[in-house]
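Below is one structure, written out as C-alpha cells; the observations come after it.
Residue numbers (the working numbering), protein chains in the order written: chain A, 1 to 338; chain B, 339 to 696; chain C, 697 to 1087.
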C-alpha cells in the first residue's frame, strides 16, 4: 500500500468539491440516533447512572484540590496558583516511591504527603511570607512564579516523557447488572477519601485549638495576634495541611487518570479553583459541594451537549451561579463597613 | 496650589510616556530601515508594541479601576480574530495601511461590544469573585473560538460550529478553521503602526484618567462606599472604564494577529492573561511609564535567556519571584532605601528603581 | 530574614545584569565563530522543549543529535545544530527562528509541532531558507511554500490510508472515532478519515471528541461508544491520551479493537504503562523501535545509550531529517560558506529531482514532490505480547 501524494488529496480542496456538503455531520447525527434507538431504555438509564458516578468521582478529586485552595484562601487571603503544581509534585513523589523504591501504596502516599508538606511550608516561608502585607496581587504573581518554577524543576528532574501512573488502588472494579454498570475501585476510594477529609477538616477547624486559631486568623489577623495567636505558625500549618491534601489529591487524580507529566496539575488546579469559588471560597463544605457539582456538570455536558464546549459550559454555569449568589453557593456574605 | 502641582504631575507623566515611546521609535526606526538591528530584536518589536498596548489597557482595569481581570486575553483574542477576518474580507487591491487601520478599528469595536456584554454582569461582582468570572469568560471565549468555523465567499460570511464542510462555501476560502485557527493571514502589521497604536492608547488612557470620569473611577477604587455616598454612579463609571479597556485590548489583538501568518484561539488562554497581568503588577498599578518599561523588559527576558537552553524557563521563574519579592516586600523596600541612602540620592521611587535594574 | 532579603535583592540584580550581559556576549561570540570555520553548515531546529508538548521537541532534538554525531564522524561535511525552544507557541517559534537567523542558520529543520510550523514556514519561505520539518503534518505547513518540505506523512494521507486499510482488512463492522478537536493533527486526520470512510462504505456509528483541557476523563465518551455497540475504535490521537483511553476502557470492561495512527507510537515505551492494556491495538506507523533492520537497530541502541530511553517516532523523524539534509547537501555539493539563499535553491532542486531517494528509518525509498510532501509507505502494526508485529 502506498500513500497517494497528489495535491488534489488536500483536505480543503476536497471539502470544497464535495457534493453533499453537510453529509459528514448528518451522518454522525443519524448514527447517534440509530444507536440510541437500538439500546433499550435500561441501557440509557445505566449510561446515565454511570455518567453520574463518573461525575461524582471526578468531582471528588476536584473537591480535594479545592479544599486546599479554600483553606489557604480562607486563612491567608491569597489565591495560591501554585497549588496545582504541588499536586503534580505529590504524584511524582508517590510514583517514584512505588515504582523505583518499591514502597507499598500507603507508604508512598505518606511519603508524598511529607514531601509536599515540607514543600508547601517552604514556599510559604520564602515566597509568600515576605509579601504578606503588600497586597494580594503581588502574592498572586509570586504564586504564579512559584508555579512556573515547580513545573520547570519537575521537567528537569523527571523529564518531559509522560509516565503512566500505576494505580495505587489495588482491588478491582465492581460490576453490577451483568456488567452494564461498572464502578471502578478508584472512584469508590476517591469519594470515600473526599468525605473523610471533609469531615476531618470541618471537625479540626471547629473543635481543635489550632483550628480555632485558624478561624480567628481568617477573621482578623491583627486581632488574632493581639489575642496571643502566633499568626505565622497558624498560616504555616494551613499551608502544611493544604499541601498534604494536594499530595493525596495528586495520587487520586493520577490513579484515576494515569498520565503524569510536569503540566499534569495545572488544568485540574484551575478547575478546582473554580470549584472552590463555585461553592463559596473559604468554606469547607462549599469546596466539597462545588467540586462534586463541577465534576457532574463537566461529565454531563460532555455526554449530552458537546465535548468541545464542556469547559465553556462549566464556566458558564459558574458565572450564572455567581450572578445569583455573588459569594458562591455557601459563601459568607461580607458586609462592608465604612 | 495643590491643583497646579497635580497638573504638573500629569504633564510630567505625559512627557515621560510619550517621550519614552517617541525616543525609542526615533532610535529604532532608522536602525530598522538600515538593517542595523539583529533579526531577534526586529522580530520582537511588533509583539512588544501589542503587549505594551495590552498592558496599558489592563492597567486601566486593574490599576485605575482596581478590579482584577484574569481574562484580558479574551478581548485580545476577539480583536485578533475580527481583525484577521476583516482583512480577509477586504479586496486585495487596497493598500495595507488602510486594511490594517480597518482591522484595528473593527477589532476594537468587536472587543468593545464583548466588553459591554461581559461588563454588565461582571461589574456587579467584587474582588476575587470578579476575577474568577473574568477568568471564566476568557476560557469560554477560547473554547467557543476553538470550535468556530468561518469562511467567506461571493455571498458573504459563513459561520458554523460544526465543521469546515458545514460552511457550504460555494467558491471561497476558509478564514477560521476551528482548532487550527486562522491560517495564511496576510502579515500587514508594522512597527510604525504599533508605535502609533501605543501613542493612541496612551492618549486615551492618560486623558481618561485625568478627566472627570477618571477621577470618579479612582474614587471608586479607593473607597467605593464613599464614592457612592457622594453621588457617583458606580455602575456607569466602572462599565465605561471596563469597555474602554476592552476596546484598547481588541485593537492590540488586531495588531498582534496580523503580525503572524497563523493564529489560533489556544494562544489567548489563561496563561496569556496572566502574562499581561505580570507586566502590569511589576510595572506598578496605575503607573503607565512603569508598565511600558516592565513589559519591554519582561517580554525580552525569556528571549535573552535562550543560551541557558533547558534552564531558561526555570531562570525566568526565579527572576520573576525575586523581582516580586524585591519590589514588594517591605523589608526589601527598607533595604533599597538604605542603598539609596548610601549613594545619597533622594526622591527615588522604589518600584521603578528596582525594575530598571534589569 | 533581613539577611535573606538582602541576598535576594543582590542576587536579583546580579541575575538581571548577568542575563543582559550574557545575552549580548553570546550574540557576539557566535557570530565570531561563524567566520572562523567556513566549512560548518549550520542547521537550526525549533520545537517545544518546555511545556506540555515538551516530549515531542526533546525527542526530535535527541534524534537529530544522534544523526549529527554520525554525520560529523563521516568527515566529508561538518554540521552544527542549534535547537531552540518554542513552548509550542507560534509567537515564540518566530522569535526562536529570528534568533537562529542571527546565529547564522543556513538550513532549517522546520519546527516540530504544526501550529508554530505554519507561522515559521511563512517566514523561512519568504527568506528563501530551505526547511524540512520532521513532524508538522498539516497540509497548510507546505501549502504554497516552495522551500518547505515534510518528513512525516501529511494528515489527510494518514486518514485515507487508515480508512482503506480498515476496509481492506475488514477490521470492523461498526466504527467509532475519538479525536482531539483542539488539535490540528487529530482533526485533520479525522476529517479525511470520515470522508474516505464514506467512499469505502464503512459504518461509522459514533464520533466523540475531547480537548487538550479535558484530556483526563474519557468515561463519558467511552460510555456512549459502548452503548452504540462499536467494535472498532479509531484513535487519530497521540499516545498519551490514547493510553488513558485504553486504561479507562479496560476498567469499564469494554474491549473493542483499537486502531491508531503514527501518533500512537510510543505507547509501549511509556514509563509505567501496563503493556497488556495495549494488546491487540493496531496502528499505522512509519517507524517502530523494534524493527529488525540494521539502521533502526543501531539508532535505537545509540539512543538508548545516550538518553536511557527508547526512541519514539519523533526521534526517528529528527534522525531522518538530519540524514536527508546530509545526503542532499552531499549531492548538491553544498559547503558551509554559501548563503542560506544559495543553499535553499540548491536543496529544493535536489529534493525535488527525480533521482533523489532516501532510505531512512521511517521509510525506504522516500521521495519528495514539488509541494513538499513526502512519499513513503506506512507499516501496519499490531501489538502482540507487548511488541509490534507486522500485520
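Every residue, glycine too, gets a C-beta built ideally from N, C-alpha and C. Bear in mind that the values here come from a model prediction, so they are computed numbers and not experimental data.
- prompt: How should residue 895 of chain C be labelled, buried or exposed, when 16 other C-beta atoms within 10 angstroms of its C-beta is the threshold for buried?
  reply: Along the third chain, one-based indexing puts residue 895 of chain C at 199. Classification for residue 895 of chain C: exposed.
- prompt: Anyone know if the C-beta pair for residue 417 of chain B and residue 589 of chain B falls short of 8 Å?
  reply: The residue given as residue 417 of chain B occupies position 79 in the second chain. The residue given as residue 589 of chain B occupies position 251 in the second chain. In terms of Cβ geometry, residue 417 of chain B and residue 589 of chain B form a close pair [threshold 8 Å].
field: residue 545 of chain B, enclosing alpha helix (DSSP H) - first and last residue
entry: By one-based count along the second chain, residue 545 of chain B stands at place 207. Per DSSP, residue 545 of chain B belongs to the alpha helix (DSSP H) from 529 to 547.
query: Hey, out of C/1072, C/1027, C/941, C/804, whose CA is closest to residue 776 of chain C's CA?
result: Against the third chain, residue 776 of chain C aligns to sequence position 80. Among C/1072, C/1027, C/941, C/804, the Cα nearest to that of residue 776 of chain C is on C/804.
message: Please report whether the beta-carbon of residue 332 of chain A lies at a distance below 8 Å from any beta-carbon of chain C.
response: Locating residue 332 of chain A in the first chain gives position 332, counting from the first residue. Chain C contact via Cβ: absent.
message: Please confirm whether residue 844 of chain C has its beta-carbon closer than 8 Å to some beta-carbon of chain A.
response: On the third chain, position 148 is the one that residue 844 of chain C refers to. So no, residue 844 of chain C is outside the interface.
query: With C-beta atoms as the reference, is residue 1017 of chain C less than 8 Å away from residue 828 of chain C?
result: Walking along the third chain from the start, residue 1017 of chain C turns up at place 321. Walking along the third chain from the start, residue 828 of chain C turns up at place 132. In this structure, residue 828 of chain C lies closer than 8 Å to residue 1017 of chain C by Cβ.
- request: Anything in chain C within Cβ reach of residue 311 of chain A, meaning under 8 Å, just list it in chain order.
  value: Position 311 of the first chain holds residue 311 of chain A. What residue 311 of chain A touches in chain C: 907, 909, 910.
task: Starting from the Cα of residue 509 of chain B, find the closest Cα among B/674, B/576, B/492 and give me that residue.
output: Here residue 509 of chain B corresponds to residue number 171 of the second chain, with the count starting at 1. The shortest C-alpha separation from residue 509 of chain B is found at B/492.
message: So, at 7 Å on beta carbons, what are the nonlocal neighbours of residue 996 of chain C in its own chain, with the 5 sequence-adjacent residues on each side left out?
response: In the third chain, the residue the question calls residue 996 of chain C occupies position 300. Apart from the 5 residues on each side of it in sequence, residue 996 of chain C sits with its Cβ closer than 7 Å to the Cβ of 985, 1006, 1007 in its chain, given in chain order.
field: Amino acids of chain B, ordered along the chain, whose beta-carbon sits closer than 8 Å to that of residue 146 of chain A
entry: Mapped onto the first chain, residue 146 of chain A falls at position 146. In chain order: 655, 659.
task: Taking all protein chains shown into account, decide if residue 76 of chain A is buried (16 or more other Cβ within 10 angstroms of its Cβ) or exposed.
output: In the first chain, counting from the first residue as 1, residue 76 of chain A sits at position 76. Buried.
- prompt: Does DSSP put residue 586 of chain B in a helix, a strand or coil?
  reply: The residue you call residue 586 of chain B lines up with position 248 of the second chain. Three-state result, residue 586 of chain B: helix.
message: One question on the structure: do residue 1032 of chain C and residue 739 of chain C come within less than 8 Å of each other, judged by their Cβ atoms?
response: Stepping through the third chain from its first residue, residue 1032 of chain C is reached at position 336. Stepping through the third chain from its first residue, residue 739 of chain C is reached at position 43. Going by beta carbons, residue 1032 of chain C and residue 739 of chain C fall outside the 8 Å limit.
query: Roughly how many angstroms lie between the CA atoms of residue 233 of chain A and residue 205 of chain A, to the nearest whole one?
result: The sequence position of residue 233 of chain A within the first chain is 233, counting from 1. The sequence position of residue 205 of chain A within the first chain is 205, counting from 1. Each residue's alpha carbon lies about 15 Å from the other.
query: Looking at the C-beta of residue 873 of chain C, does it have a partner C-beta in chain B at a distance below 8 Å?
result: By 1-based counting over the third chain, the position of residue 873 of chain C is 177. Answer no: the Cβ-Cβ gap between residue 873 of chain C and chain B never drops below 8 Å.
- request: Identify, in the order they occur along the chain, each residue of the same chain with its Cβ nearer than 7 Å to the Cβ of residue 203 of chain A, setting aside the five sequence neighbours on each side.
  value: Here the question's residue 203 of chain A lines up with position 203 in the first chain. Only residues of its own chain outside the window of five on either side were considered, and among them none has a CB closer than 7 Å to the CB of residue 203 of chain A.
field: Interface partners of residue 814 of chain C on chain B, CB under 8 Å
entry: The sequence position of residue 814 of chain C within the third chain is 118, counting from 1. Within 8 Å Cβ-Cβ: 521, 599, 600.
field: Contacts that residue 605 of chain B makes with chain C (C-beta to C-beta distance below 9 Å)
entry: The sequence position of residue 605 of chain B within the second chain is 267, counting from 1. Near residue 605 of chain B (Cβ distances below 9 Å), the residues of chain C are 785, 786, 787, 811.
message: Between residue 376 of chain B and chain C, is the shortest Cβ-Cβ distance under 8 Å, so that the two count as touching?
response: The count along the second chain starts at 1 and reaches residue 376 of chain B at position 38. It does: the Cβ of residue 376 of chain B has a partner Cβ on chain C nearer than 8 Å.
- prompt: Nearest chain B C-beta to residue 877 of chain C closer than 8 Å, yes or no?
  reply: Taking the first residue of the third chain as 1, we reach residue 877 of chain C at position 181. At least one chain B Cβ lies under 8 Å of residue 877 of chain C.
query: Using 8 Å as the Cβ pair cut-off and three pairs as the minimum, do the segment 100 to 115 of chain A and the segment 302 to 322 of chain A touch?
result: no
message: Under DSSP, the alpha helix (DSSP H) around residue 518 of chain B begins and ends at which residues?
response: Locating residue 518 of chain B in the second chain gives position 180, counting from the first residue. In the DSSP assignment, residue 518 of chain B falls outside any alpha helix (DSSP H), carrying neither H nor E.
query: Alpha carbon to alpha carbon, what distance is there between residue 185 of chain A and residue 106 of chain A?
result: For the purposes of this step, residue 106 of chain A is taken as the residue at position 106 of the first chain. For the purposes of this step, residue 185 of chain A is taken as the residue at position 185 of the first chain. Cα-Cα distance, rounded: 16 Å.
field: Beta carbon proximity, residue 484 of chain B to chain C, threshold 8 Å
entry: On the second chain, position 146 is the one that residue 484 of chain B refers to. For residue 484 of chain B, the answer is yes, since a Cβ of chain C falls inside 8 Å of its Cβ.
task: To the nearest angstrom, report how far apart residue 207 of chain A and residue 239 of chain A are at their CA atoms.
output: Position 207 of the first chain, counting from 1, holds the residue named residue 207 of chain A. Position 239 of the first chain, counting from 1, holds the residue named residue 239 of chain A. Cα to Cα, the separation comes out at about 19 Å.
Range of the contiguous beta strand (DSSP E) that encloses residue 781 of chain C: Locating residue 781 of chain C in the third chain gives position 85, counting from the first residue. 774 to 781 is the extent of the beta strand (DSSP E) around residue 781 of chain C.
- request: Measure the Cβ-Cβ separation of residue 959 of chain C and residue 881 of chain C and say whether it is below 8 Å.
  value: Position 263 of the third chain, counted from the start, is the residue given in the question as residue 959 of chain C. Position 185 of the third chain, counted from the start, is the residue given in the question as residue 881 of chain C. Yes; because the gap between Cβ atoms is below 8 Å, this pair is in contact.
- request: To the nearest angstrom, report how far apart residue 1073 of chain C and residue 1012 of chain C are at their CA atoms.
  value: Numbered from 1 along the third chain, position 377 holds the residue referred to as residue 1073 of chain C. Numbered from 1 along the third chain, position 316 holds the residue referred to as residue 1012 of chain C. Going by the C-alpha atoms only, they are around 15 Å apart.
field: Residues that DSSP places opposite residue 846 of chain C in a beta bridge
entry: The residue you call residue 846 of chain C lines up with position 150 of the third chain. In DSSP, residue 846 of chain C forms a bridge with C/829.
- request: Would you mind reading off the limits of the beta strand (DSSP E) that contains residue 813 of chain C?
  value: Reading the third chain from its first residue, position 117 is the one you call residue 813 of chain C. Segment 810 to 822 is the alpha helix (DSSP H) holding residue 813 of chain C; no beta strand (DSSP E) there.
- prompt: Which one of A/190, A/58, A/181 has the shortest CA to CA distance from residue 168 of chain A?
  reply: Locating residue 168 of chain A in the first chain gives position 168, counting from the first residue. Checking every option, the nearest Cα to that of residue 168 of chain A belongs to A/190.
field: Interface residues of the segment 552 to 576 of chain B facing chain A [CB-CB below 9 Å]
entry: 561, 562, 563, 564, 567
Residue range of the unbroken beta strand (DSSP E) whose run includes residue 903 of chain C: Within the third chain, numbered from 1, the residue matching residue 903 of chain C stands at position 207. In the DSSP assignment, residue 903 of chain C falls within the unbroken beta strand (DSSP E) covering 899 to 906.
query: From A/280, A/264, A/235, A/298, pick the residue whose C-alpha is nearest to that of residue 117 of chain A; which is it?
result: On the first chain, residue 117 of chain A is found 117 positions in, with the first residue counted as 1. For residue 117 of chain A, the nearest C-alpha among the options comes from A/235.
query: Buried or exposed: which applies to residue 1084 of chain C, given that a residue is buried once 16 or more other Cβ atoms fall within 10 Å of its Cβ?
result: Stepping through the third chain from its first residue, residue 1084 of chain C is reached at position 388. Burial call: buried.
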